[in-house]
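Reading through the structure tokens given below for one structure.
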Amino acid sequence: MSGLWWRLLGVKSLDPSDPQVEFAFAHPMAAWVWVCLGLVVALVAGWGYWRLVGRRWPRVTLGVVRALVLGLVLVLIAGPQLEKRVERVEKDWVVVLADRSASMQIQDSLSNDGSLESRDAELRRALAGAGAMIEQLKQTREVAIFGFDSGVRELPSRIEQGTLAIDLGEASGSKTSLGRTLEQVSSRMASRPLAGVILLSDGRSTDSFGRGATRSFEARRVPIYPVEIGGKEPLTDDAIARVDAPTAAFVQDLVPVSVEIQRHAQSEMGTNGPGAGARVELIDTTTGDVLDSADVSAGDLASGRHRLTLTAKPGGTGRASWSVRIVSGSRDLSESNNTRDVRLELIDRPIRVLVIDGTPRWEYRYIKNLVLRESSIRSTCMILASGKRFIQEGTDPIEFVPRSPEDWAPFDAVVLGNFRPGQMSEEQLESLKMYVAERGGGLMFIGGEGAMPDAWRETALADLMPFVLGDGPGGLGTLSTWTSGVVMDPAPAAERLGVLHLGDTAGEGWPEFLNDGSSSWAVLRWAQRIETSQLKPTAETLAYARVPDSVDGERVPLVATMRFGAGRVVYVGTDEIWRLRYARGEALPERFYLPLIRMLAREGLGRAGKPAIMELSAEQVVSDEPVRVLVRVLDQALLSRRLGTIPVRAVKKGSGEPAGDVELVPESDGATESLSSVYSGRLVLTEPGEYTIVTRDPALAAAGVSAEMLVVAPDDEMRVPQTDHQTLETIAKATGGKVIKPSDIASIAPLLPNREVRTLGLSEVETLWDKPGIWTILLLLLVVEWIGRRLVRLA
């Protein structure tokens with residue numbers, strides 16, 4: 000009925016039955032004004048009919064009609080109208096931030112089946128689980144999804160088969176700036192009601208994160224809900240830093256593979272525990288067989304770097320494909336640096352050995368029988384007599400003692416015993432020196448009374464001996480001998496080179512009973528005393544001599560080795576290794592000499608030995624941070640050139656452009672006359688990238704002496720790739736949020752406050768004073784009054 004009434008009045012645009020539609024005046028007046036006007040209208044209408052002559056009730060009725068007319072005129076003057084108040088509701092916003100930096104590629108997250116997966120995979124799985132929640136939020140709120148690393152960018156999303164799909168892209172940002180990211184989000188949402196931020200990140204940030212980053216969120220009372228991505232416990236990162244192996248070997252040879260492993264420190268994460276140990280394996284990649292393995296304790300890895308040697312006997316011929324692998328005892332931060340390939344060329348032929356001595360002493364007899372007995376060796380054994388005559392034994396007789404490098408070339412190794420150099424001509428000695436230096440031949444000296452090495456002090460082979468005789472700057476003196484029996488102890492270099500493994504098993508490198516001086520057969524009755532100060536700079540000690548049960552525990556070199564040119568030499572300072580036969584028969588002397596002969600013979604196969612090695616103080620440095628470059632010269636022939644400096648250049652991979660040069664200078668040990676085998680200098684690179692450090696010395700460059708280095712930006716988060724969940728907890732606590740597990744991300748929806756904003760807009764108005772129905776009512780009232788006056792015969 001009321002709707003019909005309003006339609007009769009002419010109301011069209013607004014529905015008076017709508018609760019939001021109200022009756023109002025264009026010129027509203029206070030209630031007391033309306034009361035006063037009502038009294039005035041009543042008085043005017045009553046006064047107009049009070050003094051007229053006529054019956055009372057008609058006059059009263061007409062007075063009421065006049066009052067209604069006057070009242071309606073006053074209402075029309077006030078501007079009656081219908082108003083509909085328009086209320087605008089602005090939805091609040093929820094921001095989802097997904098970390099897209101490179102640290103998300105690290106595999107330290109646990110998947111549902113307990114295996115390791117990347118942080119990015121965990122983040123994607125968490126967002127997939129939150130798809131239903133995000134769709135539910137979109138019904139009542141605005142949801143913005145951003146990716147971030149050094150800055151913020153919007154991530155497109157769509158609905159595919161009823162499921163929310165977000166184009167995350169590749170996680171490849173070089174750094175994460177959490178502080179800058181939150182500041183950019185706050186700036187973008189400054190004029191919008193923000194209900195909360197869902198932050199999916201590992202917490203690692205390269206900028207200094209402080210209260211300033213969250214101050215705007217605290218002021219606006221906007222909670223941040225971090226979702227912890229990545230493993231909570233910091234992981235160690237075991238890596239293979241260096242692998243040294245020969246490039247060629249004989250079939251059934253015992254090939255040493257020296258491995259240096261590195262455990263990256265975790266001090267920046269605040270944890271210094273040693274963690275678990277690791278296992279290093281040498282694998283035949285063709286068959287998958289484990290050729291050798293060694294366990295490394297957590298204590299050995301705690302220092303950062305640890306060196307060990309794996310050995311294996313290759314079978315078959317041609318090219319062998321091996322690899323070294325680290326199997327960490329605990330979860331490893333990155334497995335990309337856990338393997339390193341080893342390429343090896345196998346030669347299937349006997350080793351050719353020439354043994355020369357001056358008398359048939361016991362040591363000569365045992366070496367001769369050893370090489371005769373060994374099926375993998377073809378031998379020529381001879382005793383040089385006076386008048387340069389020789390008595391010959393062995394499997395391959397020769398017509399004369401070699402006189403030129405070509406005559407020495409058929410032999411892989413030469414063993415020189417205790418005879419005087421006058422038994423050979425200067426031409427023969429010079430050609431033997433060239434055989435070692437240029438053709439990579441192996442040479443072994445076995446000391447003896449009277450002749451070796453004292454008589455050789457002025458010969459061409461004096462340069463090949465790993466020590467200097469005498470204290471004078473140019474002269475050679477006499478090598479002293481021990482006054483009592485000694486026992487041998489192996490040196491670390493023997494383990495690295497894979498020699499002096501006299502134990503019955505592979506794990507028993509040096510039997511304990513050989514150190515027991517109470518056994519007379521283990522004591523060497525005669526041995527030369529080589530002082531450590533007499534060793535040449537490039538020489539390495541393979542075994543020490545010491546007096547059993549000595550109080551001071553003095554040890555001096557007994558067996559030493561040295562590179563010379565392309566070859567290698569070994570000096571054995573005793574001729575009583577044969578005494579070890581009393582312990583295990585021929586086994587111990589065989590295990591002593593055969594690996595040494597094989598090592599010498601192996602050098603000439605592929606010229607595997609490098610004349611020098613390059614070492615860096617760090618393989619990964621920050622740009623503009625100096626790194627120490629060290630070149631250690633191993634070749635005595637190269638050292639004899641007396642290099643003033645070694646020029647070194649850094650070349651950027653990919654472009655091949657030079658990025659920096661430095662001159663390495665010799666490190667002085669305080670002795671002005673001695674030659675230094677170590678050259679060092681500091682190199683500074685400013686541009687991030689991968690570099691190869693090479694030498695510009697022709698001899699070293701041709702031998703491939705180089706090193707690899709990675710230069711990273713100061714803000715590269717991969718320098719410390721561990722998670723930083725403590726920062727996420729700080730963000731949550733500062734903003735009144737809560738740290739959420741990835742599996743519980745759907746629980747965030749009920750925690751988000753309602754921050755929608757309701758505002759009144761411009762009202763819709765429909766005026767009533769100009770409606771025909773209103774004026775019709777006014778006209779009807781006037782007509783009623785006029786007709787009434789006529790009926791009662793009033794003027």
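Take the sequence shown: its letter number 396 is residue 395 in numbering that gives the first Met the number 0, and every next letter is one higher.
C-beta atoms are modelled at their ideal positions from N, C-alpha and C, and glycine is treated no differently.
Compare the Cα-Cα distances from residue i to each of the options and report the closest residue.
i: residue 177; options: 192, 154 and 149; result: 149
i: residue 295; options: 307, 631, 334 and 286; result: 307
i: residue 502; options: 588, 421 and 437; result: 588
i: residue 518; options: 106, 133, 31 and 579; result: 579
i: residue 764; options: 746, 85 and 683; result: 85
i: residue 444; options: 430, 465, 429 and 318; result: 465
i: residue 442; options: 432, 171 and 775; result: 432
i: residue 206; options: 229, 174, 186 and 290; result: 174
i: residue 711; options: 628, 747, 620 and 662; result: 620
i: residue 393; options: 366, 751 and 419; result: 366
i: residue 364; options: 696, 566, 414 and 162; result: 414
i: residue 648; options: 705, 611 and 74; result: 705
i: residue 231; options: 741, 191 and 630; result: 741
i: residue 748; options: 655, 134, 157 and 117; result: 134
i: residue 447; options: 496, 51 and 358; result: 358
i: residue 276; options: 304, 90 and 81; result: 304
i: residue 661; options: 681, 709, 378 and 652; result: 681
i: residue 361; options: 417, 522 and 401; result: 417
i: residue 687; options: 650, 246 and 637; result: 650
i: residue 584; options: 521, 703 and 402; result: 521
i: residue 291; options: 317, 297, 318 and 256; result: 256
i: residue 492; options: 80, 426 and 243; result: 243
Determine the contact status of residue i and residue j, defining contact as a CB-CB distance below 7 Å.
i: residue 558; j: residue 542; result: yes
i: residue 195; j: residue 222; result: yes
i: residue 382; j: residue 356; result: yes
i: residue 739; j: residue 125; result: no
i: residue 625; j: residue 683; result: yes
i: residue 45; j: residue 62; result: yes
i: residue 526; j: residue 481; result: yes
i: residue 409; j: residue 377; result: no
i: residue 163; j: residue 93; result: no
i: residue 477; j: residue 462; result: no
i: residue 309; j: residue 281; result: yes
Give me, in chain order, the residues of the same chain whose beta-carbon lies closer than 8 Å to that of residue i; leave out the 5 immediate sequence neighbours on both sides.
i: residue 772; result: 7, 8 and 9
i: residue 78; result: 24, 25, 26, 766 and 768
i: residue 591; result: 499, 501, 576 and 579
i: residue 666; result: 675, 677, 678 and 679
i: residue 784; result: 61, 64, 65 and 68
Taking 6 Å as the limit between beta carbons, can you name the residues of its chain near residue i, skipping five residues before and five after?
i: residue 72; result: none
i: residue 146; result: 97, 99, 152 and 154
i: residue 326; result: 278
i: residue 240; result: 259 and 261
i: residue 459; result: 428, 429 and 432
i: residue 16; result: none
i: residue 533; result: 466 and 467
i: residue 141; result: 90 and 92
Spatial neighbours of residue i within its chain, please: CB distance less than 7 Å, with the 5 preceding and 5 following residues excluded, ordered by chain position.
i: residue 185; result: 215 and 216
i: residue 284; result: 320, 321 and 322
i: residue 531; result: 555 and 556
i: residue 129; result: 744 and 745
i: residue 170; result: 99, 100, 101, 103, 104 and 119
i: residue 490; result: 540, 541, 542 and 543
Is the closest heavy atom of the ligand GTP to the C-beta of residue i under 6 Å?
i: residue 482; result: Judged by which ligands are present, the structure shown has none, so any question about the ligand GTP falls away.
Given 8 Å as the limit, is there contact between the stretch 587-599 and the stretch 356-374, that is, 3 or more CB pairs closer than that? yes
Between the stretch 390-397 and the stretch 435-447, do three or more beta carbon pairs fall short of 8 Å? no
Is the stretch 185-203 in contact with the stretch 98-108, if contact means three or more CB pairs nearer than 8 Å? yes
Whether or not the stretch 725-740 and the stretch 688-702 are in contact is what I'm after, with contact meaning three or more pairs of Cβ atoms, one per stretch, closer than 8 Å; do they touch? no
Would you list, in sequence order, the uninterrupted alpha helix (DSSP H) runs of no fewer than 4 residues that lie entirely inside the stretch 704-773? 724-734
What are the uninterrupted segments assigned as alpha helix (DSSP H) that are 4 or more residues long and contained completely in the stretch 203-263, given in chain order? 210-219
Ignoring anything shorter than 4 residues, give me the alpha helix (DSSP H) runs that lie fully in the stretch 364-414, in order along the chain. 404-407
Secondary structure, beta strand (DSSP E): runs of 3+ residues fully inside the stretch 11-84: 20-24 and 79-83
Segments of 3+ residues assigned as beta strand (DSSP E) that fall wholly inside the stretch 620-704: 626-632, 645-651, 657-665, 677-682 and 688-694
Ranges of the beta strand (DSSP E) found wholly within the stretch 82-167, counting only runs of at least 3: 86-89, 92-98, 106-109, 115-117, 141-147, 151-153, 156-159 and 162-165
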